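**Student:** Residue numbers (the numbering used here): 534 to 895.
Glycine included, every Cβ here is placed at the ideal spot set by N, Cα and C.
From a predicted model like this one, the values you see are computed outputs, not experimental measurements.
Encoded structure:
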């Protein structure tokens with residue numbers, strides 16, 4: 534019937550071993566195994582199968598999408614650079630004609646001969662109004678977001694969330710007219726009360742009261758409230774249920790669970806929401822143009838009628854400005870552009886450091 538192949542004398546329990554002449558089975562895998570030890574064949578690895586992976590196509594959907602996203606990202610940088618170049622080119626002639634120090638002078642007389650204007654009071658009013666608005670809006674927004682996500686029934690939470698989101702659709706001029714015509718009376722009474730009982734604090738000084746930093750900040754706080762609330766609510770909803778249940782299982786109360794599980798997890802999102810609200814507050818124009826007193830002075834008294842911001846000043850003064858005046862307004866816009874860039878870069882740095890810390894801790 535044929536010659537029986539020679540077997541090893543030291544066969545184990547797994548069966549006899551075929552000698553080298555017959556140890557490879559027939560087929561493609563045997564040929565791959567034979568070439569695995571050949572130094573002239575670098576692709577042989579003993580795994581069997583065919584050759585290498587097919588070559589990628591020179592142009593496909595993935596490369597097209599990659600190029601599209603790269604072009605979109607580059608376009609954003611180009612637009613930002615173009616805005617900066619435009620502002621600088623338009624502002625330099627007015628800055629060269631200015632007879633006062635641009636950073637410290639508190640007046641605004643660019644139409645005079647020689648022109649005199651400064652950004653100090655406007656930048657101070659812009660930052661003070663935005664920070665006071667955040668001081669009012671952030672605790673309220675976080676409280677609303679926590680109530681909608683962890684306390685309110687589902688139907689009530691959904692309905693209230695929809696109503697709050699509608700505030701973001703109201704035009705800013707409507708907020709400005711409402712604040713100027715209807716909110717100014719209650720704010721005047723509130724200012725007198727604050728001065729009567731807390732007048733020893735420098736920010737609650739004497740009047741006259743009316744269109745003040747406090748009025749503009751309250752209107753601004755209402756405007757940024759839906760932005761911070763909506764983003765914070767979405768962040769709180771992303772908290773892992775296991776974290777919340779673990780805190781409750783250890784005996785924590787509802788508030789302790791929120792403080793130890795929900796708020797730390799959502800801190801980067803809360804920072805992003807606050808910074809986005811700050812960016813909206815810094816750039817608001819019409820509402821503050823209608824509610825502030827349009828004065829040029831650096832004062833920490835938020836109750837006294839007056840105050841001004843860069844954006845509101847541009848809206849109020851652009852129509853009456855000459856060439857130098859328009860250049861001065863564009864120069865102030867350049868300062869506002871720089872402030873918003875600094876705020877956004879700072880926010881990104883804070884969020885990145887927080888994410889890096891969270892990933893390293895995990």
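Find the nearest neighbour of residue 826 within the set 716, 643, 841, judged by alpha-carbon distance.
**Tutor:** Position 293 of the chain shown holds residue 826. Among 716, 643, 841, the Cα nearest to that of residue 826 belongs to 841.
**Student:** Enumerated in chain order, which unbroken segments of the alpha helix (DSSP H) with a length of 4 residues or greater are wholly contained in the segment 631 to 691?
**Tutor:** The qualifying runs are 653 to 683.
**Student:** Please go through the same chain and pick out, in chain order, the residues whose beta-carbon is closer than 8 Å to the beta-carbon of residue 740, but skip the five residues on each side of it.
**Tutor:** As a first step, residue 740 is located in the chain shown; it is residue number 207 there, counting from the start. Once the five neighbours on either side are set aside, the close Cβ partners of residue 740 are 724, 725, 728, 836, 837, 838.
**Student:** Curious, which full-length beta strand (DSSP E) runs of at least 3 residues does the segment 735 to 764 contain?
**Tutor:** Entirely contained in the segment 735 to 764, not one beta strand (DSSP E) run reaches 3 residues.
**Student:** Quick one: what's residue 838 bridged to in DSSP?
**Tutor:** Numbered from its first residue, the chain shown carries residue 838 at position 305. Bridge partners of residue 838: 745.
**Student:** Whole-angstrom Cβ separation of residue 748 and residue 824, contact assumed at under 8 Å?
**Tutor:** The residue given as residue 748 occupies position 215 in the chain shown. The residue given as residue 824 occupies position 291 in the chain shown. Sure, about 5 Å apart at Cβ, within 8 Å.
**Student:** Let me know if residue 897 comes out buried or exposed under the rule of 16 or more other beta-carbons within 10 Å of its beta-carbon.
**Tutor:** In this structure the chain extends from 534 to 895, so residue 897 is not present and cannot be described.
**Student:** Taking the Cβ atom as the reference point for each residue, do residue 677 and residue 762 lie within a distance shorter than 7 Å?
**Tutor:** Counting from 1 along the chain shown, the entry for residue 677 is found at position 144. Counting from 1 along the chain shown, the entry for residue 762 is found at position 229. It is a contact, given that the beta carbons lie within the stated cut-off.
**Student:** Could you give the first and the last residue of the continuous alpha helix (DSSP H) run that contains residue 819?
**Tutor:** Residue 819 sits at position 286 when you count from the first residue of the chain shown. Here the alpha helix (DSSP H) through residue 819 covers 819 to 824.
**Student:** Report, in whole angstroms, the separation of the C-beta atoms of residue 639 and residue 658, which I expect to be a contact under 8 Å.
**Tutor:** For the purposes of this step, residue 639 is taken as residue 106 along the chain shown, with counting starting at 1. For the purposes of this step, residue 658 is taken as residue 125 along the chain shown, with counting starting at 1. Rounded, the Cβ-Cβ distance is 10 Å, inconsistent with contact.
**Student:** Return the Cβ separation of residue 617 and residue 814 in integer angstroms, given the expectation that the two are a contact with Cβ distance under 8 Å.
**Tutor:** Along the chain shown, one-based indexing puts residue 617 at 84. Along the chain shown, one-based indexing puts residue 814 at 281. No, residue 617 and residue 814 are not in contact; Cβ-Cβ is about 22 Å, not under 8 Å.
**Student:** I need the straight-line Cα distance from residue 886 to residue 811, nearest angstrom please.
**Tutor:** Counting from one through the chain shown, the residue named residue 886 turns up at place 353. Counting from one through the chain shown, the residue named residue 811 turns up at place 278. Near 20 Å, if we compare the C-alpha coordinates of residue 811 and residue 886.
**Student:** Do the CB positions of residue 760 and residue 693 come within less than 7 Å of each other?
**Tutor:** The residue labelled residue 760 in the question sits at position 227 within the chain shown. The residue labelled residue 693 in the question sits at position 160 within the chain shown. Cβ atoms of residue 760 and residue 693: not closer than 7 Å.
**Student:** Within the 7 Å Cβ cut-off, does residue 626 reach chain D?
**Tutor:** Going by chain labels, chain D is absent from the structure shown, which holds only one protein chain.
**Student:** So, are the CB atoms of residue 766 and residue 682 less than 7 Å apart?
**Tutor:** Indexing the chain shown from 1 puts residue 766 at position 233. Indexing the chain shown from 1 puts residue 682 at position 149. For residue 766 and residue 682, yes; Cβs fall inside 7 Å.
**Student:** Considering only residues of the same chain and omitting the five flanking positions on each side of residue 780, which have a CB-CB separation below 8 Å?
**Tutor:** One-based indexing of the chain shown puts residue 780 at position 247. So the qualifying residues of the chain are 789, 790, 793, 794.
**Student:** Taking just the CA atoms, how far does residue 602 sit from residue 564?
**Tutor:** Counting from one through the chain shown, the residue named residue 564 turns up at place 31. Counting from one through the chain shown, the residue named residue 602 turns up at place 69. Low local confidence applies: a pLDDT of 48 at residue 564 is under 50, so the model's placement there is unreliable, with the coordinate-based value given in what follows. Looking at the two C-alpha atoms, the distance is approximately 46 Å.
**Student:** Write down the C-beta distance between residue 751 and residue 710 rounded to the nearest angstrom, noting that I regard them as a contact closer than 8 Å.
**Tutor:** Translated into positions along the chain shown, residue 751 becomes position 218. Translated into positions along the chain shown, residue 710 becomes position 177. That belief does not hold up - the Cβ atoms of residue 751 and residue 710 are roughly 14 Å apart, past 8 Å.
**Student:** Would you check if the distance between the CB atom of residue 620 and the CB atom of residue 867 is smaller than 7 Å?
**Tutor:** Walking along the chain shown from the start, residue 620 turns up at place 87. Walking along the chain shown from the start, residue 867 turns up at place 334. Yes, these two residues count as a Cβ contact at 7 Å.
**Student:** Excluding the five sequence neighbours on either side, which residues of its own chain have a C-beta within less than 7 Å of the C-beta of residue 883, listed in chain order?
**Tutor:** Here residue 883 is taken as the residue at index 350 of the chain shown, counted from 1. For residue 883, where only same-chain residues beyond five positions count, the Cβ hits under 7 Å are 804.
**Student:** State the Cα-Cα distance for the pair residue 599 and residue 593, rounded to the nearest angstrom.
**Tutor:** Within the chain shown, the letter at position 66 stands for residue 599. Within the chain shown, the letter at position 60 stands for residue 593. If you take the alpha carbons of residue 599 and residue 593, they lie about 10 Å apart.
**Student:** Using C-beta distances below 7 Å, list every residue in its chain close to residue 770, excluding the 5 sequence neighbours before and after it, in chain order.
**Tutor:** For the purposes of this step, residue 770 is taken as residue 237 along the chain shown, with counting starting at 1. Once the five neighbours on either side are set aside, the close Cβ partners of residue 770 are 682.
**Student:** Alpha helix (DSSP H) containing residue 724: first to last residue?
**Tutor:** Here residue 724 refers to the residue found at position 191 when the chain shown is read from its first residue. Element bounds for residue 724: 717 to 731.
**Student:** I'd like the span of the alpha helix (DSSP H) that includes residue 801, first residue to last.
**Tutor:** Locating residue 801 in the chain shown gives position 268, counting from the first residue. Looking at the DSSP string, the run of the alpha helix (DSSP H) that includes residue 801 is 800 to 816.
**Student:** Taking all protein chains shown into account, do 16 or more other C-beta atoms lie within 10 angstroms of the C-beta of residue 718, making it buried, or fewer, making it exposed?
**Tutor:** One-based indexing of the chain shown puts residue 718 at position 185. The residue in question, residue 718, is exposed, as its Cβ has fewer than 16 Cβ neighbours within 10 Å.
**Student:** Exposed or buried, residue 641, counting other C-beta atoms within 10 Å across all chains shown (16 or more means buried)?
**Tutor:** As a position in the chain shown, residue 641 is number 108, starting the count at 1. Buried, since its Cβ has 16 or more Cβ neighbours within 10 Å.
**Student:** Classify residue 559 as helix, strand or coil using the three-state DSSP reduction.
**Tutor:** Taking the first residue of the chain shown as position 1, residue 559 is located at position 26. In this predicted model, residue 559 has a pLDDT of only 49, less than 50, meaning its place in the structure is not dependable enough to derive any value.
**Student:** Rounded to a whole number of angstroms, what is the C-alpha to C-alpha distance between residue 796 and residue 680?
**Tutor:** Residue mapping note: residue 796 aligns to position 263 of the chain shown, counting from 1. Residue mapping note: residue 680 aligns to position 147 of the chain shown, counting from 1. Near 13 Å, if we compare the C-alpha coordinates of residue 680 and residue 796.
**Student:** Looking at the structure shown, is residue 866 part of a helix, part of a strand, or coil, going by DSSP?
**Tutor:** Locating residue 866 in the chain shown gives position 333, where the first residue counts as 1. Note: residue 866 maps to helix in three-state DSSP.
**Student:** Would you kindly work out how many angstroms separate the C-alpha atoms of residue 562 and residue 597, rounded to a whole number?
**Tutor:** Translated into the one-based positions of the chain shown, residue 562 becomes position 29. Translated into the one-based positions of the chain shown, residue 597 becomes position 64. Note that residue 562 scores a pLDDT of 48, beneath 50, so its modelled location is shaky and nothing firm can be said.
**Student:** With burial defined as no fewer than 16 other Cβ atoms inside 10 Å of the residue's Cβ, what is the status of residue 737: buried or exposed?
**Tutor:** One-based indexing of the chain shown puts residue 737 at position 204. Label assigned to residue 737: buried.
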